[in-house]
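A short worksheet on the structure shown next.
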Amino acid sequence: MLTLTCPYCGVTVEETELAPGGEAHLKRFGPGASDEDFEGYLFARKNPKGVHFERWRHAYGCGKWFLAARCTATLEVFGTYPAQTTEPPAELIVKINEKRPNWGGWK
Amino acid sequence: MSEAISALKGASHTGFATVAEAGLTGMISIRADLKSKALAKALKGLGLSTPGQRKVITADGRSVAWMSPDELLLICSYDEAPGLSQSLSEALAKEHSLVTNVSDARAMFTVSGEKGDEVLMKLCPVDFATFPEGEMRRTRAAQVAAALWRSGPQELSVICFRSVAAYMLGLLEVSSRKGGEIF
Amino acid sequence: MSTRLAKGGRLIDRAKPLNFTFNGKPMRGYAGDTLASALLGAGQVMLGRSFKYHRPRGLVASGAEEPNALVNLGRNNRHEPDQRTTTTELFEGAEATSQNHWPSLEFDVGAINDTFYRFLPAGFYYKTFMAPRFAWKHVFEPIIRQSAGLGAAPKEADPDRYEQAYDYCDVLVVGGGVAGLAAALTEARAGKRVIVMEQTAHWGGRAPVDGGQIDGQEPESWVAAAVETLSDMANVRLMLRTMAAGLHDHGYAIGYQSVGEHAADGRPRHRLWRVRAGLTITASGAIERPIAFSGNDVPGVMLASAVRDYLVNWAVSPGDRVVVVTNNDDAYRTALAVQAAGLTVPAIIDAREAATGELPELARARGIKVMTGRGVAKVLGRKSVTGVEICAQAGEGGVIETVACDCVAMSGGWSPVVHLWSHCGGKLVWDDAAAMFRPDATRPPTGAAGEPLARVVGAANGLLQLGAIMDEAGIPAVSEVEAPLMPVWVMPAGAKEKLKFKAFLDYQNDVKVSDVQLAAREGYESVEHTKRYTTLGMASDQGKLSNINGLAILSDALGRPIPVTGTTTFRPPYTPISFGAVTGEARGELFQPLRRTPMHGWHEAKGAHWEPVGLWRRPYCYPKAGESHRTAVNREIVNTRTNVGLLDASTLGKIVVKGPDAGRFLDMLYTNMMSNLAVGKCRYGLMCNENGFLSDDGVVVRLSEDTWLCHTTSGGADRIHGWMEDWLQCEWWDWKVYTANLTEQYAQVAVVGPQARMLLEKLGGMDVSKEALPFMTFAEGTLGGFPARVFRISFSGELSYEIAVPANMGLAFWEALNAAGEEFGVMPYGTEALHVMRAEKGFIMIGDETDGTVIPQDLGLGWAISKKKEDYLGKRAQERSHMTDPKRWKLVGLETLDGSVLPDGVYAVAEGHNANGQRNTQGRVTSTYYSPMLKRGIAMGLVLNGPDRMGEVLDFPADKGAVFKAKIVDPVFYDKEGEKANV
Amino acid sequence: MALRRYSMFAVAREALRFHAGWERAWQSPAPKKRYDVVIVGAGGHGLATAYYLGKVHGITNVAVIEKGWLGGGNTGRNTTIIRSNYLQDPSAAIYEKARSLYEDLSQDLNYNVMFSPRGLLMLAQSEHEMRGYKRTVYANNLQGVETRWITPSEVKDLVPIVNIDGPRYPVLGALYQERGGTARHDAVAWGYARACSAMGMDIIQQCEVTGVRTENGKVQGVETTKGSIDCGKLAIVVAGHSSVLAEMAGFRLPIESMALQAWVSEPIKPCMDVVVMANLVHGYMSQSDKGEMVIGGGTDGFNNYTQRGSWHHVEETTRALIETFPIISRLKMLRQWGGIVDMTGDRSPILSKTPVENIFVNCGWGTGGFKSIPGSGWAMAELVAKGEPGPLAADFGLNRFREGRFIDESVAAGVAH
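Residue numbers (the working numbering), protein chains in the order written: chain B, 1034 to 1140; chain A, 45 to 227; chain Z, 184 to 1166; chain C, 4 to 420.
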């Protein structure tokens, strides 16, 4: 039963107040994209055992989507940040590098 | 307007705390840039100001609460809500904003009594021991969304959607039954 | 024989006797008794039968680890099977019956299994019952299944009430023994918010029974003072009768509180706590291990600590002559306690070659015979102990001496309770000296920030002596110094097969030393394999009592060290918790939220037959007295199509979308173009998911230059609103668009039928004429005094208005329509009439024509897909090869040749079979109804090349060989020209 | 090595000598340098693949390598339900193949897997669900899957403890598969393992794959904690960890790993003879041969490799089952556990070739893994042996995600007006 901090509300809430939304930082491909890119966008998932970037919605709170970096093997949460970005914040990357030196990057 | 009735017509129960539907209540949702000067001005006209993160401010029988980074909820009397909604809409007309009267979409409840916190401790994943006055907490009460704040001495107010008002009252009633005191 | 002693018993109140029954026999105990102590005090030694061999069984333990003494408790709707007598507080009028025997506890036919024990070793069923093949199903399996289970199944619904509650703290202390109390004091004094949970009704744990001195006081006095200090601290919450069931991720602890058990005073029976703790300190103590010797399960063979507990806590003597069997010093305390109670200890049998510690010397000094290097070859007796045969521990079981006794107190050492530590990943380390697994402080379970979630103190941490336990908390304490134990897993060490076949490990499941050795021999080497093959540790004590013994024997059999074998996984709950508590308030009316429209009560009063739609409940139809649902639906349809009908459409989603980029946004969301919709106009729109499949539909209205109102399906409002916000927040966050879900702000009524306009004109206040309010437009105004928004849209093909009024006026408006409509023959209609009418018009229904695999192109909705737009959600997906495959099934109408109604969901068969031998198909029915207007069956379906095959007849095999023949037709069955809506 | 047959007579014979003569059920060899086929994952699916490779295709130079202990993943932690009442043709085909193999599996393996076709029903608790199940019955009848629609009173006769008049969701009938049921999950893995071992295959436990060796887009072997192993073909059959192995081989799968939980009550005397699924309220329950009520629900919603789920799902499912079976309220939960399941993009499994030549994947069974074991093994063995899918696996290829050719069983996903 996870707890995550909503970066908009500033409260730490439990999983039951949130709705999970799958892998974060997926780039949308639309008309004109290759079959491969489109398949990758919709289906191919990193699904790492380790550091994972994912989407959550503060569904029972402010209703906003935010992103989280979390270890799927230990459930440690490295940080949360607003969804209006195409890549994780630099300071979060630094923090993860310290905690998981061999994690291999977010892409 | 005399034909308007709230979801539960003010039904209430008294156990170790009193739980009651608050009756018709005006509520206006304001989606806008919360740093907007026009918004601040409009609220000032009501004796209020733009609340900070999670804050609820009360003056002259009206309250305004921070609901999200781009949403406020103005709580007022039911009858003045259509007019206020209209005037706020006009005040923000020049900005990207959306003001909607949601008075009919919601139901409001009060939980009062010395042990009022204990009623909500059974329903909401919120630490009531540290839950301060002046804060609006949007959360979950059992299986539905709820927004709650300390609306008076030994009183909490809870807002939920109108369609689940009877469910909410059921939750509050069973959680406030005598014999169910926690401490 | 067991009995109640004349004096003593620190937990009982002799002034408060309590009556209860066991197997119908009246008995008496005292307030403060557990059911176990009361039964034992009343002389009841045999309490049940084991699962497999139906062997007679009595109490082994005095706490949560008890595997045998489970009873059926209570009767009728308060009957509860498998109730553990050792953790049940005695109450007036308790009715207990023993389990797993027929016809009686004393004489049990099932005990024949014990006679044939040799033929029923671990896993025998995997090797047998396979031939003849039919016999498995008809003979063997039914027998196995009928012999399943222990307690009787309840037969009635539970009348009791359960609650849940949330709490938060810095430190949760699990266990109210001296270690827990000491830890709580330390944390509380440091200003931490502390909760202490103790599973029993008493503070202090074992210390008051075991003796010693804490801070110069008797343990009992120290405990009382500590509890008093803690009670006075505002930052401390002390909870008795609350078992910490599990420690879950991110410090989420589940506490199981017994509140009003057996009370009829309004209290809930149980309360389930969900505590978010910064740190959980487990002070959960340790559990004594039995020793595996032949007959160690005969009623009267008990843990040494349990014997001591029954004597000291409840003044119950388990026997007059108690032989103590041990491999450690601690069990000598039992001998001393037995002697102090005026009973006899014929001998202490110590497996160690020497016993020279303080406690053995004390026992010798008190005249108790201590036999070292000895073990028990065999316990004599069947339904109760009559004696023990003593042998050399190092030997094979040759009897040296037989000692008469009626109770055996055994101790094989102690195992720390590491459950909570382990639940979410804390690791263990094997302590060779103490022969125990204990928490490895360097590898704790970790929390949300990677921090340690738990710490362990006291016996749970492997500290078994009072001095060491209190020293950890910085409090001086003394007790007798104990010499090291000697690990003893089998007694005697060289026990022959015959003895090992009766040396029990898992008492409830009848797993013996021989079974574990068999598993090892057969290659079930993993501890999990052995567990599952033998069922060791799978009983309702979940291996608390003797899992360690089992895995030690497994390790020995495989010739590998115990830590290599490891343990099985510790899973919540620590001890079983009621499903009622897991459910809390969510039962009956509160099982799930029921969403009600403002008119819900009216429908209910009119006897509506309900249909669940998401969490809403909508009237399916309004049957009149004596009317079938079918008849009611037909009546509602005919009335609506000839007069006027009313539908409560309040559940339809209503989402306002506003902003400079709203048009652009809706163009992405819908397959159609919405940005070019004129203000005041309505347009039917389709939404697809990114995978191309149709996900929702509804009418979009342009309210003003920068504001649109999107109607969604009833079940879809929250989903679609969330979908909109997802795209706005996560993909197009620079677009200026706000949305608001106003579904519940309005009550919405569809006024449908040829007389609809007249009805509204009678209400008055707005011009609803064809000219002023043409089809697919809307107007705002006041209708019959109600502020209203009127949409000229139709889902039935009739003249139709959908009218939204503020929800708080919904009921009044609905009633006003009914009153005003009386002269026009107005009637409400339900969802089924709605469905039939839309099908008569060939309109698709999300959830009927669509099932998550259908794209708009399949449904002939190409007209609603903009060709001008470069992009919309789902567009790229619809370009994939399978989506453009001409062989996709397409929507058509279907008419049976004989006018009958096609069954729901039937398939049209094609010639031949596919490569997997399945009959080929070429279509299926998606909606099928009886049309009371056409007086025949009508249907829609998806058919291979359907639109090009008009007039062809397909075969639809249905039940019992019946084949329906249906012709492919246009899906619009009624008013094909669409004249009726546009008047 | 020849299999020493199990029988009642063998047990009786051994009883006389205190069962001292039983041999190992399977051997525990060190890995050889090379195998024709290496199967990663000694769960039910991996072992069944090996078994049918040997039995049907005559390929026995096979190693099944396992990170932990055989059968210790989802095979040993599911709710043991067997059914084949699926809607879509490809699903019905492979699950029915599995179910029909289960019928004779004990005799085939000479190991009693306790297949118990006690009957399985799915309650219909809304009009929409009822239509969906009726459609399934018609589809099943054409697919050769024996199911039928039964009325509420027939439901009550089969399951006296069910509350068919629930105030919230009355039972409108049920989809009934008389030959659905349960089996002993561990025994399935053990039975296959014993049979594979007897064919001379190597089952190598406590051997974790740490790398996949490829050359020119073709597999060469695997690196493991017990050394390097060469192989002609590699089958990845590691539910829960499919993405991890795929990453080693250099490709991604349309899979997310999520926790699925189950729990049991304390054992009680028999009170429910069939398996009941109440999908509208997300719960299912059966009674084991030990008397425990075995309960499961839906998966958690986020990626998770811990084999622990979130508590609130336990509450949600339990409350649904108390509504459905009111008598269970006073029963007590004995044990709760979790497994990690592969959830694919269309919630249907993958049996497929991969971007790497001679690597094959069998994954994505989601919550349907146990019931499909024999059919999955059968189809996978064919795919590995021939290098191309046979009819059972043909529709379950990875290419379907690119083509938009999904196998979607969640027909109840739509909602009505």
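Glycine is no exception: its CB is placed at the ideal position from the N, C-alpha and C atoms.
request  = Would you list the residues sitting across from Thr217 (chain C) in a DSSP beta bridge?
outcome  = Locating residue 217 (chain C) in the fourth sequence gives position 214, counting from the first residue. The beta-bridge partner set that DSSP reports for Thr217 (chain C) consists of C:Val222.
query = Which of helix, strand or coil does DSSP assign to Pro402 (chain Z)?
reply = Against the third sequence, residue 402 (chain Z) aligns to sequence position 219. Three-state result, Pro402 (chain Z): helix.
task = Report the neighbours of Arg779 (chain Z) on chain A: residues whose CB is nearer than 9 Å to its CB, in chain order.
result = Locating residue 779 (chain Z) in the third sequence gives position 596, counting from the first residue. Chain-ordered, the chain A residues with CB closer than 9 Å to the CB of Arg779 (chain Z) read Ala51, Arg206, Ser207, Val208, Ala209, Ala210 and Tyr211.
query = Gln187 (chain A) CB to nearest chain Z CB: under 8 Å?
reply = Indexing the second sequence from 1 puts residue 187 (chain A) at position 143. Yes, because at least one Cβ of chain Z sits closer than 8 Å to the Cβ of Gln187 (chain A).
request  = Spell out whether any CB of chain B is found under 8 Å from the CB atom of Pro113 (chain A).
outcome  = Residue numbering aside, residue 113 (chain A) sits at position 69 when the second sequence is read from its first letter. Chain B, which has a Cβ nearer than 8 Å to the Cβ of Pro113 (chain A), makes this yes.
ask   = Are the C-beta atoms of Val63 (chain A) and some chain B residue less than 8 Å apart?
value = Against the second sequence, residue 63 (chain A) aligns to sequence position 19. No, its Cβ sits nowhere closer than 8 Å to a Cβ of chain B.
query = Does DSSP put Ile583 (chain Z) in a helix, a strand or coil?
reply = Sequence index remark: in the third sequence, residue 583 (chain Z) carries index 400 (1-based). The answer is coil: DSSP assigns Ile583 (chain Z) none of H, G, I, E or B.
inquiry  = Taking 6 Å as the limit between beta carbons, can you name the residues of its chain near Ala923 (chain Z), skipping five residues before and five after?
reply    = Along the third sequence, one-based indexing puts residue 923 (chain Z) at 740. For Ala923 (chain Z), same chain residues with a beta-carbon under 6 Å away, outside a window of 5 residues either side, are Val839 in chain order.
request  = Look up Val240 (chain C) in the DSSP assignment and say whether it is helix, strand or coil.
outcome  = Position 237 of the fourth sequence, counting from 1, holds the residue named residue 240 (chain C). Coil, per DSSP.
query = Using a Cβ-Cβ cut-off of 6 Å (strictly less than) and excluding sequence neighbours within five positions of Glu370 (chain Z), which residues of its own chain qualify?
reply = Start at 1 with the first residue of the third sequence, and residue 370 (chain Z) comes out as number 187. In the same chain as Glu370 (chain Z), and ignoring 5 residues on each side of it, the C-beta atoms closer than 6 Å to its own belong to Val354 and Val377, in chain order.
task = Please confirm if Lys993 (chain B) has its CB atom under 8 Å from at least one CB of chain Z.
result = Coverage of chain B is limited to positions 1034 through 1140, which leaves residue 993 (chain B) absent and any answer about it impossible.
ask   = Who are the Cβ neighbours of Glu248 (chain Z) in its own chain at under 6 Å, not counting the five residues just before and after it?
value = Here residue 248 (chain Z) corresponds to residue number 65 of the third sequence, with the count starting at 1. The residues Ile470, Asp724, Lys727 and Leu728, in chain order, have a CB closer than 6 Å to that of Glu248 (chain Z) in the same chain once the five nearest residues on each side in sequence are set aside.
query = So Met165 (chain A) is in the alpha helix (DSSP H); what residue range does that whole segment cover?
reply = The residue you call residue 165 (chain A) lines up with position 121 of the second sequence. In the DSSP assignment, Met165 (chain A) falls within the unbroken alpha helix (DSSP H) covering Gly160 to Met165.
ask   = What are the uninterrupted segments assigned as alpha helix (DSSP H) that are 4 or more residues long and contained completely in the segment 771-818 of chain Z, given in chain order?
value = Listed in chain order, the alpha helix (DSSP H) runs fully inside the segment 771-818 of chain Z are 783-788, counting runs of at least 4 residues.
ask   = Using a C-beta cutoff of 8 Å, does Asn223 (chain A) count as contacting chain Z?
value = Translated into positions along the second sequence, residue 223 (chain A) becomes position 179. It should be noted that the sequence gives Gly, not Asn, for residue 223 (chain A). Taking CB atoms only, Gly223 (chain A) has a neighbour in chain Z less than 8 Å away.
query = Relative to the C-alpha of His894 (chain Z), which residue among Z:Asp879, Z:Gly1043, Z:Pro802 and Z:Trp906 is closest?
reply = In the third sequence, counting from the first residue as 1, residue 894 (chain Z) sits at position 711. When only C-alpha atoms are compared, the closest one is Z:Asp879.
ask   = Should Val862 (chain Z) go down as buried or exposed, given a rule of 16 or more other Cβ atoms within 10 Å for buried?
value = As a position in the third sequence, residue 862 (chain Z) is number 679, starting the count at 1. Exposed, since its Cβ has fewer than 16 Cβ neighbours within 10 Å.
query = Residues of chain C with a CB under 7 Å from the CB of Asn1080 (chain B): which are they?
reply = Position 47 of the first sequence, counted from the first residue, corresponds to residue 1080 (chain B). Near Asn1080 (chain B) (Cβ distances below 7 Å), the residues of chain C are Ser246, Ile258, Glu259, Ser260 and Asn306.
ask   = Taking three-plus beta-carbon pairs below 8 Å as touching, is the segment 973-987 of chain Z in contact with the segment 934-947 of chain Z?
value = Segments in contact, yes.
inquiry  = Since Ala84 (chain A) and Thr94 (chain A) should fall inside the 8 Å C-beta cutoff, what is the C-beta to C-beta distance between them, to a whole number of angstroms?
reply    = In the second sequence, residue 84 (chain A) corresponds to position 40, counting from 1. In the second sequence, residue 94 (chain A) corresponds to position 50, counting from 1. Taking 8 Å as the upper bound for CB-CB distance, Ala84 (chain A) and Thr94 (chain A) are in contact here, some 5 Å apart.
ask   = How would you label Phe317 (chain Z), buried or exposed, when you count the other beta carbons within 10 angstroms and need 16 or more for buried?
value = Start at 1 with the first residue of the third sequence, and residue 317 (chain Z) comes out as number 134. Around the beta carbon of Phe317 (chain Z), fewer than 16 other beta carbons lie within 10 angstroms, which makes this residue exposed.
Run of the beta strand (DSSP E) containing Ala427 (chain Z), from where it starts to where it stops = Along the third sequence, read from residue 1 onward, the residue named residue 427 (chain Z) stands at position 244. Counting along the chain, the beta strand (DSSP E) containing Ala427 (chain Z) begins and ends at Thr425 to His431.
query = By Cβ distance below 7 Å, which residues in the same chain neighbour Leu87 (chain A) in space, the five residues on each side in sequence not counted?
reply = Position 43 of the second sequence, counting from 1, holds the residue named residue 87 (chain A). Excluding residues up to 5 positions away in sequence, Ser93, Thr94 and Val108 lie with their Cβ nearer than 7 Å to the Cβ of Leu87 (chain A) in the same chain.
query = CB-CB under 8 Å to Lys1051 (chain Z), same chain, minus the five flanking residues each way: which ones, in chain order?
reply = Numbered from 1 along the third sequence, position 868 holds the residue referred to as residue 1051 (chain Z). Excluding sequence neighbours, Lys1051 (chain Z) sits near Met856.
ask   = So is Ala173 (chain A) buried or exposed if we call it buried at 16+ other beta carbons inside 10 Å?
value = Stepping through the second sequence from its first residue, residue 173 (chain A) is reached at position 129. Counting the other CB atoms within 10 Å of its CB gives Ala173 (chain A) a total below 16, which places it among the exposed residues.
inquiry  = When you compare the CB of Trp314 (chain C) with every CB in chain Z, is at least one pair closer than 8 Å?
reply    = Taking the fourth sequence and counting its residues from 1, one reaches residue 314 (chain C) at position 311. The C-beta of Trp314 (chain C) comes closer than 8 Å to at least one C-beta of chain Z.
query = Between the segment 1035-1046 of chain B and chain A, which residues of the former have CB atoms less than 9 Å from a CB of the latter, in chain order?
reply = Going along the segment 1035-1046 of chain B in chain order, one finds Tyr1041, Cys1042, Gly1043, Val1044 and Val1046 with a Cβ nearer than 9 Å to chain A.
task = Flag this pair as yes or no: are the beta carbons of Ala221 (chain Z) and Leu288 (chain Z) separated by less than 8 Å?
result = Taking the first residue of the third sequence as position 1, residue 221 (chain Z) is located at position 38. Taking the first residue of the third sequence as position 1, residue 288 (chain Z) is located at position 105. Cβ atoms of Ala221 (chain Z) and Leu288 (chain Z): not closer than 8 Å.
task = Please go through the same chain and pick out, in chain order, the residues whose beta-carbon is closer than 6 Å to the beta-carbon of Ser1049 (chain Z), but skip the five residues on each side of it.
result = To locate residue 1049 (chain Z), count along the third sequence from 1; it is residue 866. Contacts found: Asn855 and Met856.
task = Give the interface partners of Phe999 (chain B) over in chain Z, defined as CB-CB distance under 7 Å, in chain order.
result = Residue 999 (chain B) is absent from the model: chain B starts at 1034 and stops at 1140.
message = Please confirm whether Glu1109 (chain B) has its beta-carbon closer than 8 Å to some beta-carbon of chain Z.
response = Within the first sequence, residue 1109 (chain B) is the residue found at index 76, counting from 1. Chain Z, which has a Cβ nearer than 8 Å to the Cβ of Glu1109 (chain B), makes this yes.
ask   = From this set, Z:Ile531, Z:Val505, Z:Ala1122 and Z:Leu423, which residue's C-alpha is nearest Met1020 (chain Z)'s C-alpha?
value = Residue mapping note: residue 1020 (chain Z) aligns to position 837 of the third sequence, counting from 1. Residue Z:Ala1122 is the option with its Cα nearest to Met1020 (chain Z).
inquiry  = Mapping the DSSP letters down to three states, classify Asn365 (chain C) as helix, strand or coil.
reply    = As a first step, residue 365 (chain C) must be located in the fourth sequence, where it is residue number 362. Three-state DSSP puts Asn365 (chain C) in a strand.
query = Of all the CB atoms in chain Z, is at least one closer than 8 Å to the CB of Leu1075 (chain B)?
reply = Counting from 1 along the first sequence, the entry for residue 1075 (chain B) is found at position 42. So, interface residue.
message = By DSSP's criteria, Val568 (chain Z) is part of a beta bridge. Which residues make up the other side?
response = Here the question's residue 568 (chain Z) lines up with position 385 in the third sequence. Answer is none; Val568 (chain Z) lacks a bridge partner.
Distance CB(Ala487 (chain Z))-CB(Val507 (chain Z)) smaller than 8 Å = As a working note, residue 487 (chain Z) is residue 304 in the third sequence. As a working note, residue 507 (chain Z) is residue 324 in the third sequence. Contact flag set, yes.
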